[in-house]
Each structure stands twice: as structure tokens, then as C-alpha cells.
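Asks: After the C-alpha cells below, expect a handful of questions from me.
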Amino acid sequence: MPIDPLDPARADVRRDLFGGEGVVRVWDLGAAPAPFTAVLYCELAAGGRVGEHVQQSDDELVVVLAGEAVLYVDDRAHGCVAGSSVGLPLGARLAIDNASMDAPVRYLIVKARAR
């Protein structure tokens, strides 16, 4: 029987990530073939915020799977709902706000390194 990759016991629970507020649960979905370096499933608690941080080693793609969020890329706001995606080049600054006070926002982060 396969292991559930989103088993709550497998989540890395992070609080006030990058100076933000609230809880973010992060599941590492495993190794990815080059040029991809990581695939992370994330759940940001209702009303939570991931503080601003710089993409230091990889380009990133953020795909919102459920809920509503505002992603700030280099201070530009991107309103996102399920199915929205935002790309971040190396060196970009990112912050994420959960736009809901009632429900978590769930999203994937796919990291890739330029060849």
C-alpha cells in the first residue's frame, strides 16, 4: 500500500515563517528530476502570512490549489484563487497572505535551477 504523501504526521510545521504570522504546514513531495530541485505542498493557516524572503538558489512557481491568497512578488500584489500560478525568478522577493480568515490556503511550490 502506498504511503500517503500528505499524511499530517509527515508535515514540517513552521510558525511565523520568514517573520510572518501563523502556521504553515509543509510537505516535501520528494526529489524531482533536473532542472527541478523541490516540490513542496504547503498549507497556510487562515489569516496567516509568510513573510518576505528572497529566492536565493532557484526559480520558483507557486500554484494555488485551494483557497484565496495574495502573493507579493517584488512588492507587486497578485490576487490568487485555486488554479492561479505565479512565477518567481531567482532573486525575486516573495511574501504570501492568506486572504481568508476562515480557511487555509493550499499551494504547491515547484523549484527549478537554470541549467
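Residue 5 is where the sequence shown starts when you use our numbering, and the numbers rise one by one after that.
Even for Gly, the Cβ is constructed at its ideal location relative to N, Cα and C.
#1: Considering only the beta carbon of each residue, do residue 74 and residue 92 sit closer than 7 Å?
#2: So is the beta-carbon of residue 86 under 6 Å away from any non-hydrogen atom of the ligand GDP?
#3: Would the beta-carbon of residue 2 fall within 7 Å of that of residue 28?
#4: Cα-Cα, which of 98, 6 and 118 is closest to residue 22?
#5: Identify every residue that forms a DSSP beta bridge with residue 10.
#6: Return yes when the Cβ of residue 55 is within less than 7 Å of the Cβ of residue 26, no when it is not.
#7: Locate the beta strand (DSSP E) running through residue 72, then write down its first and last residues.
#8: Buried or exposed: residue 113, going by 16 or more other Cβ atoms within 10 Å of its Cβ?
#9: Thinking C-alpha only, which one of 62, 20, 95 and 14 is nearest residue 4?
#10: Would you call the CB atoms of residue 14 and residue 31 closer than 7 Å?
#11: Between residue 96 and residue 81, what straight-line distance do the alpha-carbon atoms span, to the nearest angstrom?
Replies: Put simply:
#1: No.
#2: You won't find the ligand GDP in this model; it holds no ligand whatsoever.
#3: Residue 2 falls outside the range modelled here, since the chain spans only 5 to 119, and no answer is possible.
#4: Ranked by how close their Cα comes to the Cα of residue 22, the residues 98, 6 and 118 have 98 in first place.
#5: Assignment of beta-bridge partners to residue 10 by DSSP yields no partner.
#6: Contact flag unset, no.
#7: Note, residue 72: beta strand (DSSP E), 72-77.
#8: Under a 10 Å Cβ-count criterion, residue 113 is classified as buried, with 16 or more other Cβ atoms of the shown protein chains found around its own Cβ.
#9: Residue 4 falls outside the range modelled here, since the chain spans only 5 to 119, and no answer is possible.
#10: The answer is yes: Cβ separation under 7 Å.
#11: Straight-line Cα distance between these residues: approximately 13 Å.
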